[in-house]
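Single-structure report; data block below.
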Amino acid sequence: MKFTVENGCFSYPTGREVLKNIDFELHSGELAAILGPNGAGKTTMLRCMLGFLSWKSGKSALDGEDIRKWSRQKLWQKVAYVPQAKNAAHSMRVFDMVLLGRGSHFGMLSQPGKKDIEKADEAMERLGITALRDRSCDRISGGELQMVLIARALAAEPELLVLDEPESNLDFKNQLIILDILSELANEGMACLFNTHYPAHALRRAHKSLLLSKTGEHLFGATEEVITEENIAKYFGVEAVIGQFETKSRILPDVIPIRIIDDTAKTEKAEDMTKKTAVLAVIMQGNGQAEKLNAVLHEHASLVVGRFGMPFRETGEAIITLTLNGTAREIDMLQAKILRIPGAAAKAVYADEL
């Protein structure tokens, strides 16, 4: 599956052009994030790309075909959309709300079959909301409703899942559940796209990111290249520090906002282009991930000076030691990509830190 936006432009009725010449591409197995300040057009972007709003120019295409040529039923068999949760104004039972996700499969005038009911139950179980099954949608919290809407989308078995701020209204635990599910779905081959206000979530999870600004300017590419301290200052007007913190099991990137800066202070810091030598230790758990690691290393082959690997049969793990030479940013980007491989742990040690 391949979904593209080609030269997408959109203007509000006031005449302000909020999206300018957007080019965007998402493939099966990829997780992508859209970020930007309030008013940059993140939700508008999703609504345009899915056909709820019409592009002023440009198009959205699924597997090379303009989605305007697709029937709505055929499109929604391929794509599922989760809007921002609003308080339900009706008393529909939670299970019935989730079952609506199967509508494109059984048709408006048909009754859901056994498979439809099973898929709805499976989606609720995956989200951990089976206890809400017989509750009314107007009797649950906003966060619970958000989980119900996501379950409705999963029940549709889409090839592309699009979510508008899925972490909104959710506590820490449920945010983690949603992010874990998105990573799992992408690893299973689904294409996933979500709007977020959390740069750290994008940095830890997304393969690609689209960064929007209020002026219509945008950046799209590998998340490590888009979510940088310089770009956060430029697009959000916030001085931030991007670093890493180490837990008992893994190393995670984080984004910490420091202070608000004015336009005159948004100057790019000169990137340190000094090449450094580093050793990157990688531990891979589980089978079937070697190809993904090799693909990442092939992409960054110019950094790799040496490589040594061996299996640890007692635990079923593979231990790989890489000797690298490159700028700190290049090495950090490689480490971040490896950390997004399921079951991978990685840590770099620089020679000048020893």
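In this text, residue positions in the sequence shown follow the numbering used here: the first is 492, and each later residue adds one. The beta carbon of each residue, even a glycine, is placed where N, CA and C say it ideally should be.
Residue i beta carbon near the ligand HEM (any heavy atom closer than 7 Å)
i: A769; result: Among the ligands in the structure shown, none appear at all, so the ligand HEM cannot be discussed.
Endpoints, the beta strand (DSSP E) within which residue i is located
i: E516; result: E508 to H518
i: R750; result: I742 to I751
i: E715; result: From DSSP, E715 is part of no beta strand (DSSP E) but of the alpha helix (DSSP H) over T714 to V717.
i: A835; result: A835 to Y841
i: K664; result: From DSSP, K664 is part of no beta strand (DSSP E) but of the alpha helix (DSSP H) over F663 to N678.
i: M492; result: Careful: M492 lies outside any beta strand (DSSP E) and carries neither H nor E.
i: Q776; result: K767 to Q776
i: R798; result: V795 to F803
Beta-carbon separation (whole angstroms), residue i vs residue j, contact threshold 8 Å
i: A713; j: K699; result: 6 Å
i: I668; j: G619; result: 6 Å
i: L813; j: R798; result: 5 Å
i: E808; j: I829; result: That pair is no contact at about 14 Å.
i: V573; j: T535; result: At roughly 16 Å, the Cβ-Cβ gap does not stay under 8 Å, so V573 and T535 are not in contact.
Start and end residues, alpha helix (DSSP H) containing residue i
i: T535; result: K533 to M540
i: E720; result: E720 to F727
i: A697; result: First-last for A697: undefined, no H or E at that position.
i: L566; result: R563 to K569
i: L590; result: V585 to L590
i: L640; result: G633 to A646
i: Q826; result: A819 to L830
i: E782; result: A781 to E790
i: A576; result: That residue, A576, is in no alpha helix (DSSP H); it is neither H nor E in DSSP.
i: S595; result: G594 to F597
i: K606; result: K605 to L618
Contact set for residue i: own chain, Cβ-Cβ below 6 Å, skip 5 residues either direction
i: E494; result: As written in the sequence, residue 494 is Phe, which differs from the Glu given in the question. Excluding positions up to five away in sequence, the list reads L517, L553 and L651.
i: E759; result: With a pLDDT of only 46 at E759, under the threshold of 50, the placement of this residue in the model should not be trusted; the figure read from the coordinates follows. Contacts found: E721.
i: I733; result: E720 and V746
i: I811; result: V773 and G800
i: R626; result: V585
i: Q568; result: S595
i: Q735; result: I742 and P744
i: G542; result: I558
Residue j beta carbon less than 8 Å from that of residue i
i: K705; j: P528; result: yes
i: R624; j: L645; result: no
i: N660; j: A576; result: yes
i: G463; j: V496; result: Here the chain comprises residues numbered 492 to 845, so residue 463 is not present and cannot be evaluated.
i: E656; j: H692; result: no
i: A837; j: L771; result: yes
i: L694; j: I672; result: no
i: G834; j: Q780; result: yes
i: A647; j: S595; result: yes
i: A842; j: K767; result: yes
i: M492; j: S519; result: yes
i: A677; j: E790; result: no
i: L815; j: L788; result: no
i: M824; j: E737; result: no
Buried or exposed (CB count within 10 angstroms, at least 16 for buried), residue i
i: N686; result: buried
i: I832; result: buried
i: F515; result: buried
i: G800; result: exposed
i: M764; result: exposed
i: Q748; result: Before going on, a small fix: residue 748 reads as Pro here, not Gln. By the 10 Å Cβ count, P748 comes out exposed.
i: Q564; result: exposed
i: R507; result: exposed
i: S740; result: exposed
i: Y726; result: buried
i: E821; result: buried
i: P649; result: buried
i: N796; result: Rather than Asn, the amino acid found at residue 796 in this sequence is Val. V796 should be labelled exposed.
i: G777; result: exposed
i: A524; result: buried
i: A804; result: Before going on, a small fix: residue 804 reads as Arg here, not Ala. Exposed, by the Cβ-count rule.
i: K606; result: exposed
i: N665; result: buried
i: G817; result: buried
i: K560; result: exposed
Cβ neighbours of residue i in the same chain (closer than 8 Å, five flanking residues each side left out)
i: R628; result: Reading the sequence as shown, one finds Cys at residue 628 and not Arg. For C628, where only same-chain residues beyond five positions count, the Cβ hits under 8 Å are A579, H581, S582, M583, R584, V585, M588, L636 and V639.
i: E844; result: none
i: A731; result: P690, E720, I723, A724, V746, I747, P748 and I749
i: F663; result: none
i: T621; result: D612 and M615
i: G680; result: S519 and G520
i: S632; result: N660
Cut-off 7 Å between Cβ atoms - residues of its own chain near residue i, not counting five sequence neighbours on either side
i: I751; result: G728 and V729
i: P603; result: L590, R593 and F597
i: K547; result: C500, F501 and S502
i: L566; result: I558
i: V840; result: A769 and V770
i: R538; result: L544
i: H709; result: I513, L701, L702 and L703
i: K533; result: I525, G527, N686 and L703
i: G530; result: K705
Proximity test, Cβ basis, 8 Å: residue i and chain C
i: D671; result: Within the model displayed, chain C is absent; a lone protein chain is all it includes.
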